[in-house]
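Taken in order, these protein sequences are the chains called W and X.
Those letters in the first sequence? Residues 1 to 157, per the numbering used here, in order.
Those letters in the second sequence? Residues 1 to 670, per the numbering used here, in order.
Note that beta-carbon positions come from the ideal geometry of N, C-alpha and C, so glycine has one too.
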Amino acid sequence: MAETQMLEKVERIIGAYEASPTALIMILQEVQGEYRHLPREAMEIISQRMDLALSQVYGVATFYKAFSLEPRGRHHVCVCTGTACHVRNSRSIVEKLERDLKVPRGETTPDGEFTLETVNCVGACALGPIAIVDNKYWGHLTVSDVDRMLAAVRAKS
Amino acid sequence: MTRVRTPRELEDYRSGLKAARDGNVTTIALCTGTGCLACGCEEVAEAFKKGIAEARLGDAVRLKLTGCPGFCERGPLAVIEPQGIFYQRIKPEDVEPILTQTVQHGQIVNKLLYKDPSTNQRIEKEADVPFYRKQMRLVLGRNGLMDPTCIDDYVLLGGYAAAARAVTTMLPEQIVEEIKASGLRGRGGGGFPAGRKWETCRKAKGEPKYVICNADEGDPGAFMDRAVLEGNPHSVIEGMIIGAFAIGSHQGYVYVRNEYPLAVKNLTIALAQAREMGLLGKDILGTGFDFDIAVSRGGGAFVCGESTALMASLEGKIGEPRPKYVHTVEYGLWDKPSNLNNVETWANVPLIVDKGAAWYASIGTAGSKGTKVFALTGKIVNTGLVEVPMGITLREILYDIGGGVPGRKKFKAVQTGGPSGGTLIVETADEAVRASMEQAGEIGPSETPTSLLDLPVDFDELTKAGSMMGSGGMIVMDEDSCMVDVAKYFIHFLIEESCGKCLPCREGLRMLHGILERITSGEGREEDIQTLEDISATLIDTSLCQLGSSAPNPVLSTLRYFRKEYDAHIRDKRCPAGVCKALVGYAINAECAGDALCVKACPTGAISGGAKNLQVIDQSKCIQCDACYQVCKFDAISRVRRDEANAVQAAARRDWKPVKERKAAAVAAP
Numbered sequence: 001m002a003e004t005q006m007l008e009k010v011e012r013i014i015g016a017y018e019a020s021p022t023a024l025i026m027i028l029q030e031v032q033g034e035y036r037h038l039p040r041e042a043m044e045i046i047s048q049r050m051d052l053a054l055s056q057v058y059g060v061a062t063f064y065k066a067f068s069l070e071p072r073g074r075h076h077v078c079v080c081t082g083t084a085c086h087v088r089n090s091r092s093i094v095e096k097l098e099r100d101l102k103v104p105r106g107e108t109t110p111d112g113e114f115t116l117e118t119v120n121c122v123g124a125c126a127l128g129p130i131a132i133v134d135n136k137y138w139g140h141l142t143v144s145d146v147d148r149m150l151a152a153v154r155a156k157s
Numbered sequence: 001m002t003r004v005r006t007p008r009e010l011e012d013y014r015s016g017l018k019a020a021r022d023g024n025v026t027t028i029a030l031c032t033g034t035g036c037l038a039c040g041c042e043e044v045a046e047a048f049k050k051g052i053a054e055a056r057l058g059d060a061v062r063l064k065l066t067g068c069p070g071f072c073e074r075g076p077l078a079v080i081e082p083q084g085i086f087y088q089r090i091k092p093e094d095v096e097p098i099l100t101q102t103v104q105h106g107q108i109v110n111k112l113l114y115k116d117p118s119t120n121q122r123i124e125k126e127a128d129v130p131f132y133r134k135q136m137r138l139v140l141g142r143n144g145l146m147d148p149t150c151i152d153d154y155v156l157l158g159g160y161a162a163a164a165r166a167v168t169t170m171l172p173e174q175i176v177e178e179i180k181a182s183g184l185r186g187r188g189g190g191g192f193p194a195g196r197k198w199e200t201c202r203k204a205k206g207e208p209k210y211v212i213c214n215a216d217e218g219d220p221g222a223f224m225d226r227a228v229l230e231g232n233p234h235s236v237i238e239g240m241i242i243g244a245f246a247i248g249s250h251q252g253y254v255y256v257r258n259e260y261p262l263a264v265k266n267l268t269i270a271l272a273q274a275r276e277m278g279l280l281g282k283d284i285l286g287t288g289f290d291f292d293i294a295v296s297r298g299g300g301a302f303v304c305g306e307s308t309a310l311m312a313s314l315e316g317k318i319g320e321p322r323p324k325y326v327h328t329v330e331y332g333l334w335d336k337p338s339n340l341n342n343v344e345t346w347a348n349v350p351l352i353v354d355k356g357a358a359w360y361a362s363i364g365t366a367g368s369k370g371t372k373v374f375a376l377t378g379k380i381v382n383t384g385l386v387e388v389p390m391g392i393t394l395r396e397i398l399y400d401i402g403g404g405v406p407g408r409k410k411f412k413a414v415q416t417g418g419p420s421g422g423t424l425i426v427e428t429a430d431e432a433v434r435a436s437m438e439q440a441g442e443i444g445p446s447e448t449p450t451s452l453l454d455l456p457v458d459f460d461e462l463t464k465a466g467s468m469m470g471s472g473g474m475i476v477m478d479e480d481s482c483m484v485d486v487a488k489y490f491i492h493f494l495i496e497e498s499c500g501k502c503l504p505c506r507e508g509l510r511m512l513h514g515i516l517e518r519i520t521s522g523e524g525r526e527e528d529i530q531t532l533e534d535i536s537a538t539l540i541d542t543s544l545c546q547l548g549s550s551a552p553n554p555v556l557s558t559l560r561y562f563r564k565e566y567d568a569h570i571r572d573k574r575c576p577a578g579v580c581k582a583l584v585g586y587a588i589n590a591e592c593a594g595d596a597l598c599v600k601a602c603p604t605g606a607i608s609g610g611a612k613n614l615q616v617i618d619q620s621k622c623i624q625c626d627a628c629y630q631v632c633k634f635d636a637i638s639r640v641r642r643d644e645a646n647a648v649q650a651a652a653r654r655d656w657k658p659v660k661e662r663k664a665a666a667v668a669a670p
């Protein structure tokens, strides 16, 4: 059942891009949007339907930072560590999140709630240091704001 | 939406729009770019919608959600037309007074006006704000005037007239000549003459040809391309239509960075509208010319900003660069002739065709024409995007427009050109910098070289001085920035982005990082500096590509200007800026007001002292998380050498007085 569902979903995504090889990255992005990671089975479907070697699909999936082969958490916490945020001490924000969530950057909490990541620059440098949690921007962060931010996210779920 | 089949019909459509616009309608242009989104402009927009509906102002007011006009520091921003009143830092609760006082009664809400810090005067009009006064906003100018999701707004401002003129009245060769004569050079950093690139691509053998827009703005601290795509995507589309017609291409691509979702959204809407109007697709404006543009989203790889890696990524492959001797204008995307320019370059094209090459060439310097957009970020008062004519000095940008360094802090350096190949621009009159340069043997004992801050912004001048224009990101650093840490930061960045193909880059960067890590954790050795220089030289000489050969720049330029800071870390085990965690201790000094904010902020309960009393940090519990430093409003937290923290606190215990007594003493003193 789950397999046919996945087959249908992935095929629909591929169809929306007319199975164009140019769209591989975008197709993978949409599949990841569905499953919070790229399941091997989905990559196999893409490989077959788009007539690409599985190794090519896998190569792209592991080359670009946007993709994850491991399931990501329900909440995505992403701290900007661009240069402008770095000189405004974004490191202290990342370290605070690592302490509070008890995972190093790049990993997901064992309960599957949070994934903590960093990004090289989101271009909202005026608000640095900045974090993006589930697509919401939290600007001018201080270490003490992190508690409030996490509480707000937890309250939602 | 009407489909326009001839330039005449486009003009008629424009006149129709003009006639339909009611001069009595007040427009509230509210910035909804990413910067203002992060400041909460969505809530402000909602409040406006609700307020307008409740006061039944629907016929008298138009709320226009615009792109970024540049002054991110003061967001959310709005301009009320026709009066042209500029409001900043708007909160949802300010909406009601704006609607009742300004919109209904023409009065100004004083507290929302920008206050000039140098005169303390409130300023009513956007153009009079010092941040905007020295700017020349050709590319960004229309961002604040239009809703990017409404093609009519762009057409009303004269949009697509240049493209219409180009495809119906000009020969492709004429357009190429016009771009050549304008002196337009690539804005992505390289500064290659755009007209020459177009000409080569036009003459290249092979069909089909492609035009590509590089919107993979990966240099941290540069976000002008995002602002253009979000705020005025039509200007890029129009530029690409003109370029495609001149080059002989029928398919264009815009490759947008994964981190810019709003840019993708607005561009996709704009493309659909341009198609619907007949400005893209088959038989554009009845000329028989076919052209369309597809959007491609990147996957988050810095190297994809490099043109050959970008094209590989567009093909759906891994974004690895290839050697440069195969020119992409001849063998690019799918090995076909491909002309790639960045967002800002494309956005300049309609302006040139519209107003003429001579007009464009009259702006700027001999070798660098037009304007350049810079992103001012880091330790600067006015963070944001500034567009200035070429030829202005960096000092004018930083001080007259940017307002200098905030607080009472001292300027240290501005980093331009991104992590790979970037340079540091410093104040050479600063004694520490001068001494460093003297130690490096670059200058004599009493010499002070001219600072790059005083050089004009010009591709050739900056290159000649050993710097570069770069993509336009300017990250300002002050005395709180540790230059050894900054070097380590960039090397770490490049380790993550190195593809690993060649050994010098793969291993050399790790070795550099290891040494910098050692220095910043207090384990530095005397010979480390020499080793850093040796490894850097090897990387420069032997790396396969630019990423590796320019990677040591951050190390070499910090060593050049801030050698004393390296020495302090290595010899005295001190981080003068108080950044390197392993060397820093936190201590509370006599400025403490006793508000105990730090007590609440401290995650380990290391701070105590009682209400309205001097607080003290228990050094055995402190984890150097910086929380207390960030919440303190009285500069009462000192970041000192680890073993000096207790001495600072002991001195504070001796000198500290309650705030009341200090105030009384201040009044008594003349």
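Residues of the stretch 89-122 of chain W with a C-beta less than 9 Å from any C-beta of chain X: 89, 91, 92, 95, 96, 99, 100, 119, 120, 121, 122, listed in chain order.
Secondary structure in the stretch 402-482 of chain X: the alpha helix (DSSP H) runs of 4 residues or longer, each lying completely within the stretch, are 431-439, 459-464 in chain order. The alpha-carbon separation between residue 452(X) and residue 284(X) amounts to approximately 48 Å. Under the 8 Å criterion on CB atoms, residue 625(X) is classed as interfacial with respect to chain W. The beta carbon of residue 314(X) falls within 8 Å of a beta carbon belonging to chain W, placing the residue at that interface. Exposed is the label assigned to residue 366(X), since fewer than 16 other Cβ atoms lie within 10 Å of its Cβ. Only buried fits residue 230(X), as 16 or more other CB atoms lie within 10 angstroms of its CB.
Contact annotation: residue 522(X) and residue 468(X) have beta-carbon atoms that are not nearer than 8 Å.
Secondary structure note for residue 308(X): its alpha helix (DSSP H) is the uninterrupted segment 307-314. It is roughly 21 Å from the alpha-carbon of residue 222(X) to the alpha-carbon of residue 136(W).
Near chain W, meaning a CB-to-CB distance below 8 Å, the residues of the stretch 395-421 of chain X are 415, 419.
If you draw a straight line from the Cα of residue 138(X) to the Cα of residue 531(X), it comes to about 48 Å.
Every candidate beta strand (DSSP E) stretch fails here, since none sits fully inside the stretch 12-45 of chain W while reaching 3 residues. Excluding five sequence positions before and after residue 414(X), the CB atoms of its chain that fall closer than 6 Å to its own CB belong to 425, 474, 476, given in chain order.
The C-beta separation of residue 409(X) from residue 354(X) comes to about 44 Å, leaving the pair out of contact by the 8 Å criterion. With fewer than 16 neighbouring CB atoms inside 10 Å of its own CB, residue 15(W) falls in the exposed class. Listed along the chain, the chain X residues whose CB falls inside 8 Å of the CB of residue 26(W) are 296, 297.
Taking every protein chain shown into account, the CB of residue 29(W) has 16 or more other CB atoms within 10 angstroms, so this residue is buried. By DSSP's assignment, residue 291(X) forms a beta bridge with 281(X). For residue 36(X), the enclosing alpha helix (DSSP H) has its first and last residue at 34-38.
In terms of Cβ geometry, residue 558(X) and residue 486(X) form a close pair [threshold 8 Å]. Going by DSSP, residue 125(W) is part of no beta strand (DSSP E) at all; its letter is neither H nor E. Here residue 65(W) is buried. Its C-beta has 16 or more other C-beta atoms within 10 Å. At a beta-carbon threshold of 8 Å, none of the residues of chain W lie near residue 122(X); the nearest stands roughly 22 Å away. In this structure the stretch 59-76 of chain W does not touch the stretch 540-558 of chain X; the number of beta carbon pairs closer than 8 Å is below three. The residues 166, 246, in chain order, have a CB closer than 6 Å to that of residue 175(X) in the same chain once the five nearest residues on each side in sequence are set aside. Residue state for residue 88(X) is assigned as coil, using DSSP reduced to three classes.
Residues of chain W with a Cβ closer than 8 Å to the Cβ of residue 481(X) are, in chain order, 87.
At a Cβ-Cβ threshold of 8 Å, residue 66(X) and residue 262(X) do not count as neighbours. Between residue 322(X) and the set 545(X), 20(X), 509(X), the nearest pair of CA atoms involves 545(X). The criterion of a C-beta distance shorter than 8 Å is not satisfied by residue 328(X) and residue 314(X). With fewer than 16 other Cβ atoms inside 10 Å of its own Cβ, residue 105(X) counts as exposed. An exposed status is given to residue 634(X), since fewer than 16 other beta-carbon atoms sit within 10 Å of its beta-carbon. In the displayed model, residue 374(X) falls within a strand according to three-state DSSP.
Using a 10 angstroms sphere on the CB of residue 349(X), the tally of other CB atoms reaches 16 or more, which defines it as buried. Per DSSP, the unbroken beta strand (DSSP E) holding residue 387(X) starts and ends at 384-389.
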